[in-house]
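Participant:
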Amino acid sequence: MIKVTSTDKAPAAIGPYSQAISANGFLFTSGQIAIDPAVGDVVATTIEAQTEQVMKNLSAVLEANGLTFADSIKTTCFLADMGDFAAFNEIYGKYFTSKPARSCVAVKTLPKNVLCEVEVIALLK
1 MIKVTSTDKA PAAIGPYSQA ISANGFLFTS GQIAIDPAVG DVVATTIEAQ
51 TEQVMKNLSA VLEANGLTFA DSIKTTCFLA DMGDFAAFNE IYGKYFTSKP
101 ARSCVAVKTL PKNVLCEVEV IALLK
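To convert, note that position 81 of the sequence shown is 81 in the UniProt record's numbering; the numbers rise steadily by one, no gaps.
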């Protein structure tokens, strides 16, 4: 069975996709960027503030499925500038304390010209 996640505590999808899909015991989140769901746009301008907003958005999607960051088993992280890695990683580490597997790459451009994006695969309870 496939279940679509939709919560108003995280930004609405800005394209033809879902916030997350659960299937076969796993939750697959779409990449979350630093959109503040209260205003529907990016407010934060620094890598630190944008990373915090991304984590809030991911938390909302996880919580909508009865999960926490501790249930994450794999993340994929996208940075607009690998020079931001240390600052991003410091904040990322506060949330992903269970140390899931991770890939982190620099990309040319992210949606809305944000500085980072993170997607998660989590194990459903």
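We put the CB at the ideal spot given by N, CA and C, even for glycine.
When burial is assigned at 16 or more other CB atoms within 10 Å of the CB, is PRO111 buried or exposed?
Facilitator: Burial call: exposed.
Participant: Mind listing, in chain order, the continuous beta strand (DSSP E) runs of no fewer than 3 residues lying wholly within the region 3 to 46?
Facilitator: Complete beta strand (DSSP E) runs here, min 3: 20 to 23, 26 to 29.
Participant: Report the residue from LEU79, LEU115, THR109 whose alpha carbon sits nearest the alpha carbon of THR45.
Facilitator: When only C-alpha atoms are compared, the closest one is LEU115.
Participant: Quick one: complete alpha helix (DSSP H) runs, 4+ long, within the region 60 to 95?
Facilitator: Listed in chain order, they are 85 to 95.
Participant: If we call anything under 8 Å between Cβ atoms a contact, is ALA38 one with PHE28?
Facilitator: No, they are not a contact pair.
Participant: Enumerate in chain order the residues of its own chain whose CB-to-CB distance from GLU48 is below 7 Å, with the five nearest sequence positions on each side excluded.
Facilitator: The residues are ALA87, ILE91.
Participant: Can you tell me which residues form a DSSP beta bridge with VAL120?
Facilitator: DSSP, once it has assigned bridges, lists THR75 as partnering VAL120.
Participant: Among the candidates LEU124, MET82, LYS3, ILE121, whose CA atom is the shortest distance from the CA of CYS104?
Facilitator: For CYS104, the nearest C-alpha among the options comes from MET82.
Participant: Take ALA101 and list the residues in its own chain whose beta-carbon comes closer than 6 Å to its own, dropping the five residues that flank it on each side.
Facilitator: If we look at ALA101 and ignore the five residues flanking it on each side, its Cβ neighbours are LYS74.
Participant: Can you give the Cα-Cα distance for ALA23 and ALA80, rounded to whole angstroms?
Facilitator: ALA23 and ALA80: Cα-Cα distance of roughly 30 Å.
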